[in-house]
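Going by this note's numbering, 141 is the number at position 123 of the sequence shown; the sequence numbering is gapless. Beta carbons: idealized from backbone N, C-alpha and C, even for Gly. Every value quoted in this text rests on a predicted model; they were computed, and no experiment measured them. Input: a single structure, listed below in structure tokens.
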Amino acid sequence: MITKQNDSWTHRNDVVIQINPAKRKKVWLSLSFIGVLILLGILSTDQNSPLMKWAKHKEEMNERNALAPTMRALAESGKPDALIWIAKNFPGEKTQELETLIANGNTEAMMVIAKAKFEANDVAGAKQLIAKAASLGNVMAINDMTRLK
19 MITKQNDSWT HRNDVVIQIN PAKRKKVWLS LSFIGVLILL GILSTDQNSP LMKWAKHKEE
79 MNERNALAPT MRALAESGKP DALIWIAKNF PGEKTQELET LIANGNTEAM MVIAKAKFEA
139 NDVAGAKQLI AKAASLGNVM AINDMTRLK
């Protein structure tokens with residue numbers, strides 16, 4: 019049987035939670051811990067949160083470090099894609115080999131060296147390589163040239 023609640027009922031009491039004073043600190047710590055867990059849950063659902071960025075960075079580092087021995091072996095045997103991968107993921111390595119690729123017209127190698135030159139504040143050298151890569155048809159270089167003008 020469903021009955022309608024009568025708001026004028028005078029015997030209705032409020033709900034009161036009474037905490038044992040001896041256990042108040044334990045209850046406070048438990049509620050704080052639950053609050054922190056809820057906050058972490060909320061933060062971990064946002065893809066742009068610092069927690070998710072950190073987790074993604076750690077995952078990328080682990081993948082890179084797992085691939086490194088194989089890619090280094092391929093780079094030592096002269097595979098251009100492996101050389102470029104090493105140069106992108108471990109800046110400063112294989113720069114001489116990249117210069118050889120640039121001399122042979124590899125536009126991706128040009129873009130990797132151009133990025134390194136920008137980071138080293140050699141803007142003129144970077145622009146020169148980007149212009150050369152753009153003239154050879156590299157899409158990223160063409161986009162960069164339109165932004166640099």
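Inset, instruction - Counting only the same chain and skipping the five closest in sequence on each side, list residues whose C-beta sits under 8 Å from that of residue 37. - result: One-based indexing of the sequence shown puts residue 37 at position 19. Hits under 8 Å: 45.
Inset, instruction - Excluding the 5 residues preceding and the 5 following residue 19 in the sequence, name in chain order all residues of the same chain whose CB lies nearer than 7 Å to its CB. - result: Position 1 of the sequence shown, counted from the start, is the residue given in the question as residue 19. Note that residue 19 has pLDDT 46, beneath the 50 cutoff, so the model's placement of it is unreliable and the number below is only indicative. Same-chain partners within the cutoff: there are none.
Legend entry - C-beta contact flag for residue 105 and residue 112 at 8 Å: Locating residue 105 in the sequence shown gives position 87, where the first residue counts as 1. Locating residue 112 in the sequence shown gives position 94, where the first residue counts as 1. In this structure, residue 112 lies closer than 8 Å to residue 105 by Cβ.
Inset, instruction - Please check the pair residue 93 and residue 101, which I expect to be a contact at CB under 8 Å, by giving their CB distance rounded to whole angstroms. - result: Here residue 93 refers to the residue found at position 75 of the sequence shown. Here residue 101 refers to the residue found at position 83 of the sequence shown. Their Cβ separation, rounded to whole angstroms, is 5 Å, which keeps residue 93 and residue 101 in contact under 8 Å.
Inset, instruction - Closer than 7 Å by C-beta to residue 154: which residues in its own chain qualify, once you throw out the five before and the five after it? Chain order, please. - result: Position 136 of the sequence shown, counted from the start, is the residue given in the question as residue 154. The beta carbon of residue 154 sits closer than 7 Å to those of 123 and 125, all from its chain and outside the five residues before and after it, given in chain order.
Legend entry - residue 142 burial status per 10 Å Cβ neighbour count (16 or more: buried): Residue numbering aside, residue 142 sits at position 124 when the sequence shown is read from its first letter. Exposed.
Inset, instruction - Taking the CB atoms as reference points, tell me whether residue 132 and residue 144 lie closer together than 8 Å. - result: Counting from one through the sequence shown, the residue named residue 132 turns up at place 114. Counting from one through the sequence shown, the residue named residue 144 turns up at place 126. Residue 144 is positioned such that its CB atom lies closer than 8 Å to that of residue 132.
Legend entry - Environment of residue 83 [buried if 16+ CB atoms lie within 10 Å]: The count along the sequence shown starts at 1 and reaches residue 83 at position 65. Taking every protein chain shown into account, the CB of residue 83 has fewer than 16 other CB atoms within 10 angstroms, so this residue is exposed.
Inset, instruction - Label residue 148 either buried or exposed according to how many other C-beta atoms from any shown protein chain fall within 10 Å of its C-beta, with 16 as the threshold for buried. - result: Locating residue 148 in the sequence shown gives position 130, counting from the first residue. Result: buried.
Legend entry - Rounded C-alpha distance that separates residue 152 from residue 60: Counted from its first residue, the sequence shown places residue 152 at position 134. Counted from its first residue, the sequence shown places residue 60 at position 42. Taking the straight line from one Cα to the other gives about 44 Å.
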